[in-house]
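Trainee: Mind looking over this structure? Questions follow.
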Amino acid sequence: MPRGEVATDPNSEAYQRVQWENLRKGINGLVNRVSVANVASVVPKLLHLNLVRGRGLLARAVMKAQLASPGFTHVYAAVVSVINTRLPAVGELLVKRVVLRFRRAYRRNDKVSSVALARFIAHLVNQGVAHELLALQLVTLLLDKPTDSSVEVAAAFMKEAGATLVKEAPKAVAAVFETLRAILSEVASARRSSAAPDAVPGDETAPAAVSTRVRVVIEDVMSAYRTAPPFKDFPARLPELDLVEEEDQICHDIGLDDVVAAQSELDVFRHDPQFEAGERAWEEARKAILGDESGSESDDESGGSDDEDDEDNEDGAGGDQARAGSAGAASDAGDESEDEGAAGATMVEGAEAARANAAAAAAPPVGASSSSSSSSSSAGAAPSGQTQIQDYTEQDVVNLRRTLYLTIMNSLDFEEGTHKIMKLDIPSGLESEVANMVVECCSQEKTFKRFYGLMAARFCLISQVYQDLFVEAFAKYLATIHRLELNRLRNVARFFAHLLHSDAIPWTALSVVHISEAETTSSSRIFIKILLQELASYVGVSGLKARFFDPDMAETFRGLFPKANLRDTRYSINYFTQIGLGALTEESRQWLVDAPRILAEQRAKAAAEAAANARRARSDSYDSYSSYDSYSSYDSYSSYDSYSSYDSYSSSGGSRSPERASKAAKEA
5 MPRGEVATDP NSEAYQRVQW ENLRKGINGL VNRVSVANVA SVVPKLLHLN
55 LVRGRGLLAR AVMKAQLASP GFTHVYAAVV SVINTRLPAV GELLVKRVVL
105 RFRRAYRRND KVSSVALARF IAHLVNQGVA HELLALQLVT LLLDKPTDSS
155 VEVAAAFMKE AGATLVKEAP KAVAAVFETL RAILSEVASA RRSSAAPDAV
205 PGDETAPAAV STRVRVVIED VMSAYRTAPP FKDFPARLPE LDLVEEEDQI
255 CHDIGLDDVV AAQSELDVFR HDPQFEAGER AWEEARKAIL GDESGSESDD
305 ESGGSDDEDD EDNEDGAGGD QARAGSAGAA SDAGDESEDE GAAGATMVEG
355 AEAARANAAA AAAPPVGASS SSSSSSSSAG AAPSGQTQIQ DYTEQDVVNL
405 RRTLYLTIMN SLDFEEGTHK IMKLDIPSGL ESEVANMVVE CCSQEKTFKR
455 FYGLMAARFC LISQVYQDLF VEAFAKYLAT IHRLELNRLR NVARFFAHLL
505 HSDAIPWTAL SVVHISEAET TSSSRIFIKI LLQELASYVG VSGLKARFFD
555 PDMAETFRGL FPKANLRDTR YSINYFTQIG LGALTEESRQ WLVDAPRILA
605 EQRAKAAAEA AANARRARSD SYDSYSSYDS YSSYDSYSSY DSYSSYDSYS
655 SSGGSRSPER ASKAAKEA
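Start counting the sequence shown at 5; every next residue gets the next number (the numbering used here).
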């Protein structure tokens with residue numbers, strides 16, 4: 005078809021593709037616009053659209069919006085609840101996809117996505133779209149093997165769904181809180197045992213359990229459960245969102261362990277030979293749902309055009325994935341595309357926020373005076389009537405950190421994550437946020453994952469700036485390592501060990517490490533121990549020895565093997581011996597044996613040099629004084645005048661001059 009020509013044949017692929025794009029834009033625009041105030045007016049507009057054909061688009065749009073804005077979860081659940089009463093297939097598809105996404109987030113230990121999806125499931129249960137059995141299965145799974153993250157997710161879930169579960173299954177809720185009480189008692193007993201006199205501080209052999217921080221979370225949700233009625237401050241449905249009568253609700257009994265399909269093929273365009281028949285069937289169904297309304301077409305057009313700008317951004321985030329999946333995909337691949345779409349939507353939000361702040365900074369203030377504008381224009385600093393607004397809230401940094409976190413968490417491998425982050429166009433001066441976010445994400449995992457080390461190494465290879473930032477991050481974390489709990493400390497140590505052994509950062513970064521009793525703490529000693537042991541597992545003890553005792557690197561590792569005084573040397577030797585790396589201390593041990601002789605020689609040499617300096621100083625001072633006395637001989641030259649007394653000498657002597665003789669003869 006020539007460029008610019010509009011397809012009019014309903015059976016042509018071009019025409020159906022245009023209708024598909026309009027349908028997608030209309031659904032996304034309405035979903036992004038919904039709120040508590042306008043939910044009653046947005047839902048009829050959604051029902052004007054062909055949700056039978058676009059049920060996959062609706063499910064995807066709702067899930068992306070909910071992940072980007074978890075605070076509006078109850079609103080999205082209310083929208084799904086109303087549509088589910090008329091089109092149960094839409095509600096069933098959404099519940100299936102939410103369950104699949106939660107399974108995947110739980111397997112990956114993705115706490116942010118798990119909290120958001122658990123919250124969505126809770127509100128779907130509150131609205132009668134999902135069965136309460138799904139909620140009980142979810143909280144049982146989270147508390148089966150309690151960890152910090154799983155207990156926090158379970159507590160947040162019970163706050164959202166507790167009011168409904170107490171009404172539908174009070175005995176099951178009581179069993180859940182019995183489990184929470186048992187966890188709370190374990191935390192208390194662990195605290196008492198750690199406070200015992202014979203307890204060993206920093207004992208890594210102690211059994212892993214939830215931290216003391218979880219105690220506050222459990223006590224908070226238990227206090228909500230003890231209110232009368234239970235969860236009084238956390239109602240199941242707001243009055244504005246109670247839009248469906250209980251007898252009209254259609255509940256989908258889908259379990260957490262059921263085998264379900266995501267039906268990702270519904271998210272992409274497919275040519276339909278029966279397009280016209282399907283449209284006529286939808287027209288009849290829409291009339292049965294809403295009645296014969298004359299303004300339906302105008303509503304459709306407004307729904308697709310009001311938010312066209314927003315949807316153009318979302319085209320860039322999800323359009324490529326939709327086209328890539330047009331050949332059909334499995335359920336896991338569908339989950340992956342949804343994750344990437346969610347990350348893309350969040351990136352778009354961060355970029356839009358940055359542009360909005362930039363526009364606000366460039367906009368003229370309301371009521372700007374003419375004098376200020378004239379002075380600014382005369383100075384040439386800015387256009388007339390404009391002032392620069394400085395944003396001290398650092399909202400751009402917050403948006404950037406959120407985008408980075410979601411991008412890292414939703415990446416399948418380190419290459420994908422690195423590529424996505426590099427395409428974000430990080431503003432100059434904020435590259436440090438990338439390094440900090442990678443380290444923080446690594447520290448929050450249960451165990452160290454090479455994913456983060458490989459991603460950081462790739463950043464170091466891409467730019468020298470990132471390499472310097474990770475070196476600075478190592479020094480910062482070493483100085484503040486006492487703020488981290490043991491598991492996070494271990495992950496950070498293994499992270500930097502991975503960067504060092506792969507030469508992503510130079511080994512000169514270890515110059516900030518000083519092993520002495522005065523310059524280390526218990527946390528830093530554990531950190532250094534894990535770091536060195538991990539390096540030894542990578543390159544071997546012989547490799548470490550070759551690195552540490554390279555003559556060119558002697559100054560770099562002076563802090564690891566101090567020789568300034570005997571006390572620090574003995575401490576370093578004992579430290580390396582205790583952590584199983586005593587082979588690295590052979591040179592220090594030999595120096596410690598020879599230390600008395602070496603110190604005596606150094607003292608003798610220093611004394612000899614001091615004596616020589618003293619003699620040289622005295623000699624220099626004598627020469628200067630003697631040269632000063634020589635100048636006094638200058639006065640002796642004045643005695644030359646005494647030779648004038650020669651005349652007197654000659655007159656008193658035996659010989660006289662002829663003139664004086666003749667004068668004497670005449671007188672006689």
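Note that the Cβ used here is the ideal one computed from N, Cα and C, for glycine as well.
Quick caveat: nothing in here was measured; it's all calculated off a predicted structure.
Are the beta-carbon atoms of H135 and D276 separated by less than 7 Å?
Mentor: As a working note, residue 135 is residue 131 in the sequence shown. As a working note, residue 276 is residue 272 in the sequence shown. Taking a C-beta distance under 7 Å as the contact criterion, H135 and D276 do not qualify as a contact pair.
Trainee: Can V469 and E435 be called in contact, C-beta distance under 7 Å?
Mentor: Residue numbering aside, residue 469 sits at position 465 when the sequence shown is read from its first letter. Residue numbering aside, residue 435 sits at position 431 when the sequence shown is read from its first letter. Yes; because the gap between Cβ atoms is below 7 Å, this pair is in contact.
Trainee: Using DSSP's beta-bridge definition, name the partner residues of A568.
Mentor: Start at 1 with the first residue of the sequence shown, and residue 568 comes out as number 564. DSSP, once it has assigned bridges, lists no residue as partnering A568.
Trainee: Ordered along the chain, which non-local residues of its own chain (more than five positions away) have a Cβ less than 7 Å from that of E21?
Mentor: Counting from 1 along the sequence shown, the entry for residue 21 is found at position 17. Correcting the residue identity first, residue 21 is Arg in this sequence and not Glu. Within the same chain, R21 has close Cβ partners F273.
Trainee: Could you tell me which residues DSSP puts in a beta bridge with A266?
Mentor: For the purposes of this step, residue 266 is taken as the residue at position 262 of the sequence shown. None, per the DSSP bridge assignment.
Trainee: Starting from S118, follow the alpha helix (DSSP H) in both directions and report where the run begins and ends.
Mentor: By 1-based counting over the sequence shown, the position of residue 118 is 114. 115-130 is the extent of the alpha helix (DSSP H) around S118.
Trainee: Which same chain residues, not among the five before or five after Q267, have their C-beta less than 7 Å away from its C-beta?
Mentor: As a position in the sequence shown, residue 267 is number 263, starting the count at 1. These residues qualify, in order along the chain: G60, L97.
Trainee: Short of 6 Å in beta carbon distance, which residues of its chain neighbour D313, apart from the five on each side in sequence? Order them along the chain.
Mentor: For the purposes of this step, residue 313 is taken as residue 309 along the sequence shown, with counting starting at 1. A caution first: D313 carries a pLDDT of 41, below 50, which makes its placement in the model too unreliable to give a value.
Trainee: Determine the direct distance from the alpha carbon of L465 to that of Q471, and round the result to whole angstroms.
Mentor: Stepping through the sequence shown from its first residue, residue 471 is reached at position 467. Stepping through the sequence shown from its first residue, residue 465 is reached at position 461. Taking the straight line from one Cα to the other gives about 8 Å.
Trainee: Under the rule that 16 or more other beta-carbon atoms within 10 Å means buried, what is D224, buried or exposed?
Mentor: Locating residue 224 in the sequence shown gives position 220, where the first residue counts as 1. Burial call: exposed.
Trainee: Exposed or buried, which one is I393 when buried takes at least 16 other CB atoms within 10 Å?
Mentor: Along the sequence shown, read from residue 1 onward, the residue named residue 393 stands at position 389. Burial call: exposed.
Trainee: Let's see if you can read the secondary structure: which residues bound the alpha helix (DSSP H) around S546?
Mentor: In the sequence shown, the residue the question calls residue 546 occupies position 542. Run containing S546: 526-552, per the alpha helix (DSSP H) assignment.
Trainee: Can you tell me whether Y481 is buried or exposed, with buried defined as 16 or more other CB within 10 angstroms of its CB?
Mentor: Position 477 of the sequence shown holds residue 481. It counts as buried.
Trainee: To the nearest angstrom, report how far apart A158 and A139 are at their CA atoms.
Mentor: Looking up residue 158 in the sequence shown gives position 154. Looking up residue 139 in the sequence shown gives position 135. So the two alpha carbons sit approximately 10 Å from each other.
Trainee: What is the rounded straight-line gap between the Cα of L488 and the Cα of V180?
Mentor: Within the sequence shown, numbered from 1, the residue matching residue 488 stands at position 484. Within the sequence shown, numbered from 1, the residue matching residue 180 stands at position 176. L488 and V180: Cα-Cα distance of roughly 31 Å.
Trainee: So, V133 versus V84, is the Cβ gap smaller than 7 Å?
Mentor: Indexing the sequence shown from 1 puts residue 133 at position 129. Indexing the sequence shown from 1 puts residue 84 at position 80. Against a cut-off of 7 Å, the Cβ pair of V84 and V133 comes out as a contact.
Trainee: How close, in whole Å, do the beta carbons of M67 and V116 come, if the pair is a contact with beta carbons under 8 Å?
Mentor: Locating residue 67 in the sequence shown gives position 63, where the first residue counts as 1. Locating residue 116 in the sequence shown gives position 112, where the first residue counts as 1. 14 Å between Cβ atoms; not a contact.
Trainee: Would you mind working out which of F452, F531, G166 sits nearest P233, comparing C-alpha positions?
Mentor: By 1-based counting over the sequence shown, the position of residue 233 is 229. Ranking F452, F531, G166 by Cα distance to P233 puts G166 first.
Trainee: I'd like to know if the segment 544-551 and the segment 484-503 are in contact, where contact means that at least 3 CB-CB pairs between them fall below 8 Å.
Mentor: no
Trainee: Is it the case that the Cβ atoms of I509 and F561 are separated by a distance below 7 Å?
Mentor: Taking the first residue of the sequence shown as position 1, residue 509 is located at position 505. Taking the first residue of the sequence shown as position 1, residue 561 is located at position 557. Not in contact: I509 and F561 (Cβ atoms no closer than 7 Å).
Trainee: Whose C-alpha, out of A120, D114, F106, R107, is nearest the C-alpha of Y80?
Mentor: As a position in the sequence shown, residue 80 is number 76, starting the count at 1. Per the Cα distances, A120.
Trainee: Give the single residue among H518, E591, I293 whose Cα lies nearest to the Cα of N88.
Mentor: Position 84 of the sequence shown holds residue 88. Nearest option by C-alpha distance: I293.
Trainee: Which residue marks the beginning of the alpha helix (DSSP H) containing Q448, and which one marks its end?
Mentor: Mapped onto the sequence shown, residue 448 falls at position 444. Careful: Q448 lies outside any alpha helix (DSSP H) and carries neither H nor E.
Trainee: Output the boundary residues of the alpha helix (DSSP H) element that contains N735.
Mentor: Since the first and last residues shown for the chain are 5 and 672, residue 735 lies out of range.
Trainee: My output table needs one value for A134: the three-state DSSP class, helix, strand or coil.
Mentor: As a first step, residue 134 is located in the sequence shown; it is residue number 130 there, counting from the start. Three-state result, A134: strand.
Trainee: Hey, out of E280, D271, A65, T407, whose CA is closest to N15's CA?
Mentor: By one-based count along the sequence shown, residue 15 stands at place 11. Measuring from the Cα of N15, the nearest candidate turns out to be E280.
Trainee: Between N26 and D13, what straight-line distance do the alpha-carbon atoms span, to the nearest angstrom?
Mentor: Stepping through the sequence shown from its first residue, residue 26 is reached at position 22. Stepping through the sequence shown from its first residue, residue 13 is reached at position 9. Rounded to the nearest angstrom, the two C-alpha atoms are 16 Å apart.
Trainee: When burial is assigned at 16 or more other CB atoms within 10 Å of the CB, is I187 buried or exposed?
Mentor: The count along the sequence shown starts at 1 and reaches residue 187 at position 183. Counting Cβ neighbours within 10 Å, I187 comes out buried, since at least 16 surround it.
Trainee: According to DSSP, which residues form a beta bridge with A256?
Mentor: Numbered from its first residue, the sequence shown carries residue 256 at position 252. Note that residue 256 is His in the sequence shown, not Ala. A134, per the DSSP bridge assignment.
Trainee: Let me know the secondary structure DSSP gives A355 once reduced to three states.
Mentor: Counted from its first residue, the sequence shown places residue 355 at position 351. In this prediction, A355 scores a pLDDT of 41, lower than 50, which makes its location untrustworthy; no coordinate-derived value is stated.
Trainee: Could you give the distance in angstroms between the alpha-carbon of E269 and the alpha-carbon of L62?
Mentor: On the sequence shown, position 265 is the one that residue 269 refers to. On the sequence shown, position 58 is the one that residue 62 refers to. Answer to the nearest angstrom: the Cα atoms are 13 Å apart.
Trainee: Let me know the secondary structure DSSP gives R462 once reduced to three states.
Mentor: Mapped onto the sequence shown, residue 462 falls at position 458. Looking at R462 - three-state DSSP - the assignment turns out to be helix.
Trainee: Need the endpoints of the alpha helix (DSSP H) that I485 sits in, please.
Mentor: Within the sequence shown, numbered from 1, the residue matching residue 485 stands at position 481. Neither: I485 is in no alpha helix (DSSP H) and is coded neither H nor E.
Trainee: If we count Cβ pairs, one from each stretch, closer than 8 Å, do we get three or more for the segment 527-544 versus the segment 591-602?
Mentor: no
Trainee: Are the CB atoms of R123 and E156 within a distance shorter than 7 Å?
Mentor: By 1-based counting over the sequence shown, the position of residue 156 is 152. By 1-based counting over the sequence shown, the position of residue 123 is 119. No, they are not a contact pair.
Trainee: Whose C-alpha, out of V40, Q23, V46, A41, is nearest the C-alpha of G33?
Mentor: Reading the sequence shown from its first residue, position 29 is the one you call residue 33. Looking at the Cα atoms, V46 is the closest of the given residues.
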